[in-house]
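Using my numbering, you'd call the opening residue of the sequence shown number 980 and step up by one each time.
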Amino acid sequence: MDEAQCRACRLEASRTQVVVGRGPRPSPVMILGEAPGREEDRTGLGFQGAAGRVFEDILAFLGLRREEIWLANAVRCRPSIDGKRNRAPRPDEIAACRPWFLRDVAEVAPKAIVTLGRVAFESATGQTWDANRRVEPVRISETTEVLGLYHPAYLIYRRNLKSAYREDLMRLRERLDALNIRLAPPRGPWTSGDDQGGGH
Ligand code: URA
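Have a look at this one:
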């Protein structure tokens, strides 16, 4: 089946469009988010709006550009309450979408999959998320490992997490470097070392 026409779960009835995975194939880095929100559902693109701005800062700090990574969500259609508020994806929706993740991994052949938040980590690894084990590599095949981060939306509300997030990103950079993934020097607001930087 074509991903853009997927009917594997109830979300097909309420979505505007499937927010399909995007990026170069192959790509050494895959980034996996949770699920589209209103803006993503409207535009068909991942990480727009407020979470998207934090996402851009994360990419800049890692020295990566959107066009050089594979970007997808664990759930590819927007879960909402009557099309108004976003809601968390349900376990059966996450399970119904997993074949698209597995197809992506086979086609993109990433060395590293960076998961954003619990849902993405659990979908990618089949293991329970433990926030104390952030950025600890979990190997899912001979050639691919998963590295878990907090979801960037966390940072919008919890400014005190920012320095922890910055440390996680520094450890993530080291790990990507050890995997021989080419990264530009860190850019963006977080390089200043100022925890209040970024403006989010
Ligand atoms: N936008 C996405 O595409 N995914 C998320 O997990 C959050 C916002």
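Cβ coordinates follow ideal geometry from the N, Cα and C atoms, glycine included.
Checking the 7 angstroms criterion, the Cβ of Pro1015 is within range of a heavy atom belonging to ligand 1. The beta strand (DSSP E) runs of length 3 or more contained entirely in the region 1029 to 1093 are, from start to end of the chain, 1049 to 1052. When DSSP states are grouped into helix, strand and coil, Val999 belongs to the coil group.
Between ligand 1 and the CB of Val998, the shortest heavy atom gap is smaller than 7 angstroms. Per DSSP, Leu1158 lies in no alpha helix (DSSP H) and is assigned neither H nor E. Assignment of Arg986 by DSSP, reduced to helix, strand and coil, places it in the coil class.
Contact annotation, Arg1113 with Leu1128: C-beta distance approximately 6 angstroms; criterion of less than 8 angstroms satisfied. Residue range 1132 to 1136 is occupied by the alpha helix (DSSP H) that includes Ile1135.
Here the alpha carbon of Ala1029 sits roughly 11 angstroms from the alpha carbon of Arg1017. Taking non-hydrogen atoms of ligand 1 into account, the C-beta of Gly1002 is found less than 7 angstroms away from none of them. Beyond the five residues adjoining it in sequence on each side, Ser1120 comes within less than 8 angstroms, by CB distance, of Val1084 in the same chain, given in chain order.
Secondary structure of Met1009 (DSSP, three-state): strand.
Each residue's CA atom was taken as its position, placing Leu1126 and Asp981 some 28 angstroms apart.
If you check the CB distance, Ile1060 and Val1008 do not come in under 8 angstroms.
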